[in-house]
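Residue numbers (our numbering): 43 to 123.
Think of the CB as a built atom: it goes at the ideal place given N, C-alpha and C, for glycine as much as any other residue.
Please read these numbers as outputs of a predicted model, since none were measured by experiment.
First the structure, in the form of structure tokens, and then the observations on it.
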């Protein structure tokens, strides 16, 4: 997913969503959900002005990041080390 950076450098773990990111014309993300592979929501929130999602408290594993915009919801898989 171009423009979204998912990283786990050392003790820091975060997801960075650049301000003004475009996937289709003018897409602006307004909310997010992080779910485990069984579909349970572990973290959620609004993205109004917030561009970094802290995932340091999540244990190592595979997760789904869902991002909501006016156009709909997109899903991105990520693995946290």
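Next item on the list: Could you check the C-alpha separation between residue 64 and residue 102 for me, to the nearest Å?
Entry: Because the pLDDT of residue 64 is 45, which lies under 50, any placement of that residue in the model is unreliable, and the number read from its coordinates should be weighed accordingly. Taking the Cα positions, residue 64 is about 29 Å away from residue 102.
Item checked: Inter-residue Cα distance where the pair is residue 66 and residue 123 -> Residue confidence is low: residue 66 scores 43 on pLDDT, short of 50, so the model does not pin down where it sits. Its coordinate-derived value is still stated next. Straight-line Cα distance between these residues: approximately 30 Å.
Checklist line | Where residue 117 sits in the DSSP three-state scheme | finding: Note: residue 117 maps to strand in three-state DSSP.
Check: Once you ignore the five residues that flank residue 121 on each side, which residues in its own chain have a CB closer than 6 Å to its CB?
Finding: Taken in chain order, the residues that qualify are 104.
Note to self: When you measure from the CB of residue 79 to every non-hydrogen atom of the ligand SAH, does any distance come out below 7 Å?
What the structure shows: Only the bare structure without any ligand can be found here, which leaves the ligand SAH out of the picture.
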